């Protein structure tokens, strides 16, 4: 089965990095949310 | 439940079954019945993966958890994107290229038949326990809240699930999951909008957030490290990464979802959709619970949300002073909350500080009264370790939501239970036929024969789930441990797959012994420590890998792999 490229960002490596950056942003946002309303 | 609620509920359930049957047409070969002929687009797989993971307990319990403990449960999902990336880079292409029906088939290609059989047996035991609980857990809550007989509820849910799962196979399961997720999303949005709309006119959305935060209900991230604390950022990032690696990489109920992808890319996109959507979704569900908490700052909730037990202890002499203490604490908290909002609006920092102290003291008093009520339940013959967390959200829904919306939320609970159980039943049947029946009972037969066997196995597991759910009352506190059950087995499965993918010298015998050692280590941690269940996966995986490596290097005879098998993947 051929390994197709992703529909965005060009390579799967970039997609994975984008997902991990997203995780970092979500955790940072959740941390700031917690601090803001503590 | 009013007539409009019944109309909404029945319409939702009928449409789920009809849509599942419609989409499941043409499942007339084993490949189509078990893998949808590898035709699924990423969004259907992505939503099906999400639906299979999100059982009714997720919605009932998570909102209640946020009500009593805040939003920190969201941290249990921080490892999910990491796990998804690892799975996309490793097992997704491997499983697709191996042309397998189950994850455990791959283990025979890589190791030997006994390793495959042990992994299959572990899966059947673990999923076999949880599939009954998936149906039973919402049934018991609905029986208390709405007075519906548990057996009737489980029979109804089970019959609907069996109908489209047996007839339509995985196509019916996947597409009905998509529809069920639509109902679930709609129900969640409506719940949040309604609870905010029900707040007193003097309390804005910003005030509600402020009050929830000052009561510790918006604590999404906690950074303290504690082995025994279930949810903090460390157990979330490390422990839950292992949990989700095991669940999405080694559990057939999830593996089978992405094996239906029409390409490797589509399967990856389905998983990555979950990687980015799951945490916001859990955050949203927990936030609803936090807003329900704020709603009950101004409308007095019952001392306990479990009506049956509350009715029982109300007749006990010790209850009256407890109720008076609770009523006083509620009024104190209500006054303190209003005064706190006023001080906040006035920008008076000193007054705000004082009011926060009063508000938290009143909350502590309410928590104390509720704890005393729970102890009264226990001391008068009720369940040990009694908790009413699972009853909070549905109690709010049935008491305060308008006609039609109650039916919608009950439909959400049904949809969640049905989507999770249909995926479980479908995968249990697949492992039974592919890893047991076709491997040991009938090694060569026609496609038609295996298709019929798959349908019978699906019917068997569906009936088993309903029967198990009917027996659920005797399981008692096991219901509480529904999330823990998976973690008792996942670590060993994960260790097995880590060895298969990362250590070419390790053979079947070493892996088999390693898995037994891993299970022994996990059960020891479960029975003899108070450690958070998220760490069981780490322990199990590490023990399996370490034991197998030790055997491999200490006894070279155990390192033999099965020649001629590995090149096939």
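Chains as they are written, first to last, in this note's numbering: chain A, 226 to 263; chain B, 14 to 582.
Glycine residues also receive a C-beta, built at the ideal position from the N, C-alpha and C atoms.
Note that this is a predicted model, so its numbers are computed, not measured.
Same chain only: Cβ atoms within 7 Å of residue i, ignoring 5 sequence neighbours per side
i	result
residue 254 of chain B	92, 95, 96
residue 416 of chain B	15, 17, 18
residue 166 of chain B	152, 155, 156
residue 229 of chain B	83
residue 32 of chain B	188, 189, 192
residue 231 of chain A	237, 240
residue 47 of chain B	114, 182, 183, 443, 467
residue 549 of chain B	500, 501, 504, 535, 538, 539
Burial state of residue i, where buried means 16 or more other Cβ atoms lie within 10 Å
i	result
residue 249 of chain A	exposed
residue 206 of chain B	exposed
residue 564 of chain B	buried
residue 190 of chain B	buried
residue 337 of chain B	exposed
residue 1 of chain B	Summary: the structure shown does not reach residue 1 of chain B, with chain B confined to residues 14 through 582, and so no result is reported for it.
residue 566 of chain B	exposed
residue 21 of chain B	buried
residue 193 of chain B	buried
residue 235 of chain A	exposed
residue 459 of chain B	exposed
residue 55 of chain B	buried
residue 299 of chain B	buried
residue 489 of chain B	Residue confidence is low: residue 489 of chain B scores 48 on pLDDT, short of 50, so the model does not pin down where it sits. No coordinate-derived value is stated.
residue 457 of chain B	exposed
residue 522 of chain B	buried
residue 215 of chain B	exposed
residue 329 of chain B	exposed
residue 182 of chain B	buried
residue 125 of chain B	buried
residue 223 of chain B	buried
residue 261 of chain A	exposed
residue 532 of chain B	buried
residue 265 of chain B	buried
residue 314 of chain B	buried
residue 576 of chain B	Interpretation of residue 576 of chain B is limited by its pLDDT of 40, a score under 50 that renders its predicted location unreliable; the figure taken from the coordinates is listed afterwards. So residue 576 of chain B ends up on the exposed side.
residue 237 of chain B	exposed
Nonlocal neighbours in the same chain, by C-beta distance under 6 Å from residue i, ignoring five residues either side
i	result
residue 117 of chain B	129, 132, 133, 448
residue 332 of chain B	326
residue 274 of chain B	53, 58, 280
residue 268 of chain B	116
residue 163 of chain B	152, 153, 156
Close Cβ partners of residue i (< 8 Å) along its chain, the five nearest in sequence each way excluded
i	result
residue 257 of chain A	none
residue 492 of chain B	With a pLDDT of 46 at residue 492 of chain B, under the threshold of 50, the modelled position of that residue is not reliable, and the figure given next carries that caveat. Hits under 8 Å: 146, 149, 150, 153, 485.
residue 316 of chain B	323, 335, 336, 339, 382, 383, 386
residue 431 of chain B	29, 170, 173, 174, 189, 193
residue 75 of chain B	86, 295, 298, 299, 302
residue 581 of chain B	For residue 581 of chain B, the pLDDT reaches just 33, beneath the cut-off of 50, and the residue's location in the model is therefore unreliable, leaving the point undetermined.
Neighbouring residues, chain A, relative to residue i (Cβ below 9 Å)
i	result
residue 231 of chain B	258, 259, 261, 262, 263
residue 91 of chain B	248, 251, 252, 255
residue 62 of chain B	By Cβ distance, chain A contributes nothing, its closest Cβ being about 15 Å from residue 62 of chain B, past 9 Å.
Chain-ordered chain A contacts of residue i [CB-CB under 7 Å]
i	result
residue 98 of chain B	241, 244, 245
residue 106 of chain B	228
residue 292 of chain B	251
Chain A residues whose Cβ lies nearer than 8 Å to that of residue i
i	result
residue 101 of chain B	237, 241
residue 95 of chain B	245, 248
residue 87 of chain B	255
### Query
Going along the chain, which residues of the stretch 233-244 of chain A sit with their C-beta nearer than 8 Å to a C-beta in chain B?
Of all residues in the stretch 233-244 of chain A, only 237, 240, 241, 244 place a beta-carbon less than 8 Å from a beta-carbon of chain B.
### Message
Using a Cβ-Cβ cutoff of 9 Å, what residues of the stretch 261-289 of chain B are near chain A? List them in chain order.
### Response
Only those residues of the stretch 261-289 of chain B whose C-beta falls short of 9 Å from the nearest C-beta of chain A are listed: 276, 277, 278, 279, 281, 282, 285, 288, 289.
### Query
For the stretch 213-237 of chain B, which residues have a beta carbon sitting closer than 9 Å to at least one beta carbon of chain A?
For the stretch 213-237 of chain B, which is checked against every Cβ of chain A, the residues closer than 9 Å are 222, 223, 225, 226, 227, 229, 230, 231, 232, 233, 234, 235, 236.
### At least three beta-carbon pairs within less than 8 Å, the stretch 340-350 of chain B to the stretch 362-380 of chain B
Cβ pair count under 8 Å is three or more, so yes.
### Query
Three or more C-beta pairs closer than 8 Å, one from the stretch 359-370 of chain B and one from the stretch 387-406 of chain B: is that the case here?
Here the stretch 359-370 of chain B does not lie against the stretch 387-406 of chain B, with fewer than 3 beta-carbon pairs under 8 Å apart.
### Task
State whether the stretch 498-515 of chain B contacts the stretch 211-219 of chain B, with contact taken as three or more CB pairs (one from each stretch) at a distance under 8 Å.
No, they do not touch.
### Query
Would you call the stretch 426-441 of chain B and the stretch 169-178 of chain B touching, i.e. three or more CB-CB distances under 8 Å?
Because the criterion of three Cβ pairs below 8 Å is met, the stretch 426-441 of chain B and the stretch 169-178 of chain B touch.
### Query
Quick one: any contact between the stretch 282-296 of chain B and the stretch 519-539 of chain B, if contact means 3 or more CB pairs under 8 Å?
Taking 8 Å as the limit for Cβ pairs, the verdict is that the stretch 519-539 of chain B does not touch the stretch 282-296 of chain B.
### Message
Can you confirm whether the stretch 474-484 of chain B touches the stretch 136-145 of chain B when touching is taken to mean that 3 or more C-beta pairs between the two stretches lie within less than 8 Å?
### Response
Yes, since at least three Cβ pairs between the stretch 136-145 of chain B and the stretch 474-484 of chain B fall closer than 8 Å, the two stretches touch.
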